[in-house]
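Visitor: So the sequence shown is numbered by full-length UniProt numbering: it starts at 1 and just counts up by one. Just so it is clear, CB atoms sit at the ideal spot from N, CA and C, and this is done for glycine as well. The model shown is predicted, which means the values in this text are computed figures rather than measured ones. Take this structure, written in structure tokens, and hold onto it; I'll ask about it next.
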Amino acid sequence: MMYEVVIPAAGQGKRMKAGVNKQLIELQNEPLIVRTLKVFENDEWCRGIIVVINEAERTQFEQLFSRFHIKKITAIVSGGKERQHSVYNGLKAVKNGDIVLIHDGARPFVTIEHIHELVKEAKEHGAAIPAVRVKDTIKKARDQFVEETVERSSLWAVQTPQAFHVSLVLRAHEQAQKDGYIGTDDASLVERIGGKVKIVEGDYRNIKLTTPDDLLFAEAILSSWVIS
Ligand code: CTP
Ligand code: MG
């Protein structure tokens with residue numbers, strides 16, 4: 001079951017406070033974006049990778065792709081102001097396959113096993129997303145006083161890769177663009193045009209590197225892989 005993947009990597013990584021786009025930070029001698037790309041490079045179901053970059057960083061990224069022998073890249077497109085704009089630009093470069101995945105450049109620990117489960121579920125249902133059960137108690141508050149304790153059993157923390165029929169996710173992005181709507185993930189755009197989204201139970205290790213603390217967790221995850 002073949003798919004294409006769009007990888008947005010055009011952010012600034014402000015919360016990481018590294019002074020550069022966090023995609024370029026090295027984890028055990030390999031830049032974050034390279035680690036993420038290698039997962040798809042090594043997945044035989046992946047027929048092409050579309051990377052979305054900041055135009056000012058194009059040369060740097062292109063050099064990395066050749067230095068680390070990433071061969072499946074079919075397009076390197078320019079990002080936009082918000083992640084959603086970057087993803088939309090990437091989607092426009094998708095050829096005519098039936099399934100597309102959208103995956104954060106900043107999530108290097110996704111496994112091929114999970115990718116395949118998502119592709120199969122998306123094929124059947126139109127859209128499939130990985131998510132993990134929320135472990136903490138969640139409260140809704142105003143001005144730092146609790147308004148309500150939210151029922152936890154129905155809550156999921158959502159990750160990427162999110163997998164879709166190409167035509168469905170394109171239609172969802174086009175509608176959002178038309179309405180000036182910005183969602184916090186791609187599935188939410190599909191939800192608002194009435195699409196069904198299947199949840200696939202994910203892996204707590206599939207973290208997005210967002211703040212400096214996440215570098216510690218990333219090192220721990222990498223070390224555990226060497227041991228096991
Ligand atoms: N992204 C993108 N285009 C944007 C914003 C984000 O392609 N305009 C990408 C990021 O590069 C990242 C992914 O979307 O791989 C998830 O976004 P996030 O974790 O928020 O990364 P940044 O926006 O780079 O970080 P920050 O919000 O801390 O600045
Ligand atoms: Mg961001």
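1. What is the C-beta distance between Y3 and I99, in whole angstroms, given that I count them as a contact (C-beta under 8 Å)?
2. Could you give the first and the last residue of the continuous alpha helix (DSSP H) run that contains K140?
3. If we count the other Cβ atoms within 10 Å of its Cβ and call it buried at 16 or more, is R83 buried or exposed?
4. Among P108, I193, A127, which one has its Cα closest to the Cα of D203?
5. Between the alpha carbons of V34 and Q175, how many angstroms are there, rounded?
6. May I ask you to report which of helix, strand or coil DSSP gives S119?
7. Using the beta-carbon count (16 or more within 10 Å), is A9 buried or exposed?
8. How close, in whole Å, do the beta carbons of V94 and V39 come, if the pair is a contact with beta carbons under 8 Å?
9. Sorted by chain position, which residues of the same chain lie with C-beta nearer than 8 Å to V87's C-beta, five sequence neighbours on each side aside?
10. Does the separation of the CB atoms of L155 and I182 fall below 8 Å?
11. Only counting runs of 4 or more residues, tell me where the alpha helix (DSSP H) segments fall wholly within the stretch 177-210, in order along the chain.
12. Excluding sequence positions up to five away, which residues of its chain have a Cβ less than 6 Å from the Cβ of K178?
Guide: Concretely, from the data shown:
1. 4 Å
2. That residue, K140, is in no alpha helix (DSSP H); its beta strand (DSSP E) goes 139-142.
3. buried
4. P108
5. 32 Å
6. The sequence shown places Val at residue 119, rather than the Ser named in the question. Note: V119 maps to helix in three-state DSSP.
7. buried
8. Not a contact, Cβ separation roughly 19 Å.
9. V6, P8, V52, I102, H173, D186
10. no
11. 186-191
12. none
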